[in-house]
Amino acid sequence: GQQVMQIPQYQHVQEGEDFTTYCNSSTTLSNIQWYKQRPGGHPVFLIQLVKSGEVKKQKRLTFQFGEAKKNSSLHITATQTTDVGTYFCAGRAGGTSYGKLTFGQGTILTVHP
Amino acid sequence: SAVISQKPSRDICQRGTSLTIQCQVDSQVTMMFWYRQQPGQSLTLIATANQGSEATYESGFVIDKFPISRPNLTFSTLTVSNMSPEDSSIYLCSVGGTGDVKLFFGSGTQLSVL
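Residue numbers (the numbering used here), protein chains in the order written: chain B, 56 to 168; chain Z, 37 to 150.
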């Protein structure tokens, strides 16, 4: 079945440093989504990428979808303590918009002030 | 967006008992899902709750262990049956609205089985 691998598992940064998490799928994806889960909270949708090579920005967050639609990345510029949490990518198999989402293992980000 | 009320928020249960988790949404939704998240781990889809028909289970999950009901487009329950310590986890209800493929999650039920 479809597998979505995410690295790194943990990332510790000093406030102001940049952060990147990477996501790779074993199969071509229809789209990929990113979620953030604060400690003790539930996952919250951040963004969806659909097109090959797509790049989207949300303030300090930059999301990319690979040309082959099998990988994606999330980059945070100048991290802040409010960025703390676990970031999950979630891939949807090719050919459907409402198919099953497969979540990556998540990257736990800690930011030291 | 959808507002999801999930309860209980946490429970401590004895081995061999069952717990039913409820998920109420403030609007009608097409897709409802149940996920499990073990401590520090990713989200694993248990099943898709289908309105008016049997749930669709993912590999490794069976109806006898995780019976699901979905009597209407705003409500679903997940029962964790004959619990063992291995069932200790966070269980999350999730919904996807019509024409809106992102997921909204409930606040989760933290289950501990002794």
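Beta carbons: idealized from backbone N, C-alpha and C, even for Gly.
Residue(s) in a DSSP beta bridge with B:V99: Under DSSP, the beta-bridge partners assigned to B:V99 are B:K91.
Along the chain, which unbroken stretches of the beta strand (DSSP E) at least 3 residues long are found entirely within the segment 58 to 106 of chain Z? You should have 67 to 73, 79 to 85.
Can you tell me which of the three DSSP states Z:T145 falls into? Strand.
Say whether chain Z places a C-beta atom closer than 7 Å to the C-beta of B:G71. Not one chain Z Cβ lies under 7 Å of B:G71.
Touching or not, the segment 154 to 162 of chain B and the segment 60 to 67 of chain B, by the rule of three or more beta carbon pairs under 8 Å? The answer is yes - the segment 60 to 67 of chain B touches the segment 154 to 162 of chain B, with three or more Cβ pairs under 8 Å.
According to the Cβ coordinates, are B:R115 and B:I131 closer than 7 Å? Taking 7 Å as the cut-off, the Cβ atoms of B:R115 and B:I131 count as close.
Could you tell me whether any Cβ in chain Z is nearer than 7 Å to the Cβ of B:F120? Contacts with chain Z at 7 Å (Cβ-Cβ) do not include B:F120.
Any beta carbon of chain Z sitting closer than 7 Å to that of B:P168? Answer no: the Cβ-Cβ gap between B:P168 and chain Z never drops below 7 Å.
Does DSSP put B:T83 in a helix, a strand or coil? B:T83: coil per DSSP, three-state reduction.
Could you tell me whether the Cβ atoms of Z:Q50 and Z:L150 are closer together than 7 Å? Yes, Cβ-Cβ distance for Z:Q50 and Z:L150 is below 7 Å.
Comparing C-alpha positions only, which one of B:S85, B:Q119, B:P94, B:K111 sits nearest to B:C78? When only C-alpha atoms are compared, the closest one is B:Q119.
Looking at Z:L79 and Z:Q73, is the spacing between their C-beta atoms short of 7 Å? Yes, they are a contact pair.
Output yes if chain Z places a C-beta closer than 7 Å to the C-beta of B:Q160; else output no. Closer than 7 Å to the CB of B:Q160 there is at least one CB belonging to chain Z.
Can you tell me which of B:F143, B:P94, B:A145, B:C144 puts its alpha carbon nearest to the alpha carbon of B:T137? Distances from the CA of B:T137 to each of B:F143, B:P94, B:A145, B:C144 were compared; the closest alpha carbon is that of B:P94.
Quick one: measure Cβ to Cβ for Z:Q42 and Z:G142, integer angstroms, because I've assumed they're closer than 8 Å. Here Z:Q42 really is in contact with Z:G142; their C-beta atoms are around 3 Å apart, less than 8 Å.
Residue range of the unbroken beta strand (DSSP E) whose run includes B:K111: The continuous beta strand (DSSP E) containing B:K111 extends over residues 110 to 113.
Own chain partners of B:H167 with C-beta closer than 8 Å, once the 5 adjacent residues on each side are dropped: In its chain, beyond the 5 residues on either side, H67, V68, Q69, E70 have a beta carbon closer than 8 Å to the beta carbon of B:H167.
Name the chain Z residues that come within less than 8 Å of B:L156, Cβ to Cβ? Correct list: L81, L139.
Counting contacts by CB-CB distance shorter than 7 Å, is B:H97 in contact with chain Z? For B:H97, the answer is yes, since a Cβ of chain Z falls inside 7 Å of its Cβ.
Do B:A145 and B:Q58 have their beta-carbon atoms positioned less than 7 Å apart in this structure? Taking a C-beta distance under 7 Å as the contact criterion, B:Q58 and B:A145 do not qualify as a contact pair.
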